[in-house]
Amino acid sequence: MPALAVVGAQWGDEGKGKMIDYLAGKADVVVRAAGGNNAGHTVVKDGKKYALKLIPSGVLNPRACNIIGNGVVFDVKGFFDEVDHLKAEGLAMDKIFVSDRAHLVLPYHRVLDGLYEEARGAADIGTTKKGIGPAYMDKVERSGLRVCDTCDPRRFAQKLAEQIDRKNEIITGVFHKEPLNKEEIISEYLELTARLQPYIADTGVMVYEAIRSGKKVLFEGAQGTMLDIDLGTYPYVTSSHPTSGGFTTGAGIGAGAISQVLGIVKAYTTRVGRGPFVTELLDETGERIRQVGHEYGTVTGRARRCGWLDAVVLKYAARVNGLTGIALMLLDVLSEFKTLNICYAYEKDGRRFEHFPADLELVEGCVPVYKELPGWQCDISGCRSFDELPENARNYIREIEELTGVPVKSVSVGPDREQTIIREEIF
Ligand code: GDP
Ligand code: IMO
Ligand code: MG
Numbered sequence: 011m012p013a014l015a016v017v018g019a020q021w022g023d024e025g026k027g028k029m030i031d032y033l034a035g036k037a038d039v040v041v042r043a044a045g046g047n048n049a050g051h052t053v054v055k056d057g058k059k060y061a062l063k064l065i066p067s068g069v070l071n072p073r074a075c076n077i078i079g080n081g082v083v084f085d086v087k088g089f090f091d092e093v094d095h096l097k098a099e100g101l102a103m104d105k106i107f108v109s110d111r112a113h114l115v116l117p118y119h120r121v122l123d124g125l126y127e128e129a130r131g132a133a134d135i136g137t138t139k140k141g142i143g144p145a146y147m148d149k150v151e152r153s154g155l156r157v158c159d160t161c162d163p164r165r166f167a168q169k170l171a172e173q174i175d176r177k178n179e180i181i182t183g184v185f186h187k188e189p190l191n192k193e194e195i196i197s198e199y200l201e202l203t204a205r206l207q208p209y210i211a212d213t214g215v216m217v218y219e220a221i222r223s224g225k226k227v228l229f230e231g232a233q234g235t236m237l238d239i240d241l242g243t244y245p246y247v248t249s250s251h252p253t254s255g256g257f258t259t260g261a262g263i264g265a266g267a268i269s270q271v272l273g274i275v276k277a278y279t280t281r282v283g284r285g286p287f288v289t290e291l292l293d294e295t296g297e298r299i300r301q302v303g304h305e306y307g308t309v310t311g312r313a314r315r316c317g318w319l320d321a322v323v324l325k326y327a328a329r330v331n332g333l334t335g336i337a338l339m340l341l342d343v344l345s346e347f348k349t350l351n352i353c354y355a356y357e358k359d360g361r362r363f364e365h366f367p368a369d370l371e372l373v374e375g376c377v378p379v380y381k382e383l384p385g386w387q388c389d390i391s392g393c394r395s396f397d398e399l400p401e402n403a404r405n406y407i408r409e410i411e412e413l414t415g416v417p418v419k420s421v422s423v424g425p426d427r428e429q430t431i432i433r434e435e436i437f
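Numbering (this note's numbering), first residue to last: 11 to 437.
What follows is the structure, encoded as structure tokens:
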């Protein structure tokens, strides 16, 4: 039975939330496997907007069971803020489970995220300051606290106390800041983690059993390919694996379990935070894309950097994720432009690059080589089939397929669930 993985093919914010919500209608299980509440997935249902961070976007669908896998760094405070908020919006929060193996994001991670960024000065990464990097640092350094540690409050309090002491040494000794209040944190987190107990499960078993018994399992990607700690624009990346490989270790399943990988592609390019961006538009066109696409971050409210579609990035994403299909998003945002550009190579000092280079200093000075395509200059937000789209929009889509070698299986022409054109059944 098919398990479908949905990944961001660019720098995040491609519209994954909308597609997951759409696909979750057919899913039995929706699984998040990497990242944390640095993600911001917007889902619009019946004109109402929901902003999801840690909780899978399948939650708007009463049928689906939602799982937060072991690869996620889990902010229990952020989790309950989100649960309470979504409950107040009238959503049922009874089908959510968090892995006992997931690592916890704790207050000192958030504090250290801010301090490390400050220390980087002008070379800061532009993180979301949610403590994601420091939480993954502890995990890799083998001093992290996991969700299963919370099941024994005495042991949890002891481990937490040790970690607060260690982190306070860094906060006071290295950064010369006030120490965190150990007693206050322990008391708050004992309360929060007591409330967490009914949500905890060995989610790897749940996902395995679901796949084995023929249920439909949807893996929800957060962030995007170019933010992958190994494969992205390092060091301007997040600290996890948002690419398709991250789903296996992050959900605790075998590599063979995933039969399809859908790449979510924004019809242009955006990124938040610092780092190279070859097709970035620092002119009126970039500003226009930002305004029409409402390109402001869900988590931090920061203005997103905007630019033309970069097929060098897409080809890279197709390769490293093994994309079997593309869901093209936000095509309607490009409707007013007379001409559109798609970058298919980079050039620097007479050299041409068709594969995304590792060395960011090299990428920094690269100039995009564009193919210019005519725009369609009409409203497409009401189109519900590929044939209804204007010829130039169809050609833009065909160009993406040609450059990436991956079929565009769906096209999104607006934020609402209904504003979706399905060319080929995905799931
Ligand atoms: P994610 O992080 O990949 O889930 O993406 P975000 O939710 O952060 O950003 C995508 C934004 O685009 C959200 O505000 C969506 O509501 C919106 N959106 C998604 N698809 C479309 C579309 O086809 N057209 C338009 N205009 N907006 C869209
Ligand atoms: P979704 O799931 C866009 C970016 C941050 C920063 C870098 C590192 O909504 O697509 P972090 O806090 O993770 O250590 O920040 O990664 N970033 C995202 N950008 N969308 C996201 O998630 C992101 N999650 C992290 O802006 O540049
Ligand atoms: Mg987002």
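Note that beta-carbon positions come from the ideal geometry of N, C-alpha and C, so glycine has one too. Since the structure is predicted, the reported quantities are computational estimates derived from the model, not experimental observations.
Asked                                                                                                                                                                   : Found
Find the nearest neighbour of E151 within the set E346, G143, C158, judged by alpha-carbon distance.                                                                    : G143
Please confirm whether any heavy atom of the ligand IMO lies closer than 6 Å to the CB of T280.                                                                         : no
Report the residue from L64, E428, I407, H95 whose alpha carbon sits nearest the alpha carbon of I336.                                                                  : I407
Over the uninterrupted beta strand (DSSP E) stretch that includes V53, give me the two end residues.                                                                    : 51-55
Measuring straight from C-alpha to C-alpha, what distance separates G141 and R156?                                                                                      : 15 Å
Using a Cβ-based criterion (distance less than 6 Å to any ligand heavy atom), does T308 qualify as near the ligand GDP?                                                 : yes
What is the rounded straight-line gap between the Cα of D104 and the Cα of R164?                                                                                        : 27 Å
In chain order, what are the residue ranges of uninterrupted alpha helix (DSSP H) at least 4 long that sit wholly in the segment 369-430?                               : 370-374, 401-414
Excluding the five sequence neighbours on either side, which residues of its own chain have a C-beta within less than 8 Å of the C-beta of Q207, listed in chain order? : T160, C161
K63 to I263, Cα distance in whole Å?                                                                                                                                    : 23 Å
Evaluate contact between the segment 395-409 and the segment 336-352, counting only Cβ atoms and requiring at least three cross-stretch pairs below 8 Å.                : yes
Does DSSP put A13 in a helix, a strand or coil?                                                                                                                         : strand
State the Cα-Cα distance for the pair R73 and V227, rounded to the nearest angstrom.                                                                                    : 12 Å
Measuring straight from C-alpha to C-alpha, what distance separates E179 and L170?                                                                                      : 14 Å
Once you ignore the five residues that flank V136 on each side, which residues in its own chain have a CB closer than 6 Å to its CB?                                    : It is worth fixing the name first, because residue 136 is Gly in this sequence and not Val. So the qualifying residues of the chain are G283, R284.
With distances taken Cα to Cα, identify the nearest neighbour of L200 among G183, T182, D389, Q168.                                                                     : Q168
Among the candidates C316, N71, G303, whose CA atom is the shortest distance from the CA of T279?                                                                       : C316
Considering only DSSP beta bridges, list what M339 is partnered with.                                                                                                   : K276
So, helix, strand or coil for H251, using DSSP?                                                                                                                         : coil
In or out: N191 buried (at least 16 other Cβ within 10 Å) or exposed?                                                                                                   : exposed
Between the Cα of E434 and the Cα atoms of V421, K325, A277, which residue gives the shortest distance?                                                                 : V421
Should G3 be counted as a contact of the ligand MG given a C-beta to heavy atom distance under 6 Å?                                                                     : Residue coverage of the chain in this structure runs from 11 to 437, which leaves residue 3 outside it and unanswerable.
Looking at the secondary structure, which residues open and close the alpha helix (DSSP H) in which F166 lies?                                                          : 163-183
Can you determine whether any heavy atom of the ligand GDP sits closer than 6 Å to the C-beta of V323, and answer yes or no?                                            : no
Within a Cβ cutoff of 7 Å, which residues of the same chain sit near I174, ignoring the five residues on either side of it in sequence?                                 : Y118, L190, K192, I195
Determine which residues share a DSSP beta bridge with T349 and list them.                                                                                              : P384
In the structure shown, what three-state DSSP assignment does R156 receive?                                                                                             : strand
Please report the straight-line C-alpha distance between V115 and D85, rounded to a whole angstrom.                                                                     : 5 Å
Taking C-beta to C-beta, are Y326 and F366 nearer than 7 Å?                                                                                                             : yes
I want to check one thing, is the minimum distance from the CB of A232 to the heavy atoms of the ligand IMO below 6 Å?                                                  : yes
Determine, using beta-carbon pairs with one atom in the segment 366-379 and one in the segment 296-314, whether at least three such pairs fall under 8 Å.               : no
Less than 6 Å between the CB of L237 and some heavy atom of the ligand IMO, yes or no?                                                                                  : yes
Of the residues A145, G88, T258, L33, which one's Cα is nearest the Cα of I431?                                                                                         : L33
What does the Cβ neighbour count give for V184, buried or exposed, with the cut at 16 atoms within 10 Å?                                                                : exposed
With a threshold of 6 Å, establish whether the CB of G283 neighbours any heavy atom of the ligand MG.                                                                   : no
May I ask you to report which of helix, strand or coil DSSP gives E151?                                                                                                 : helix
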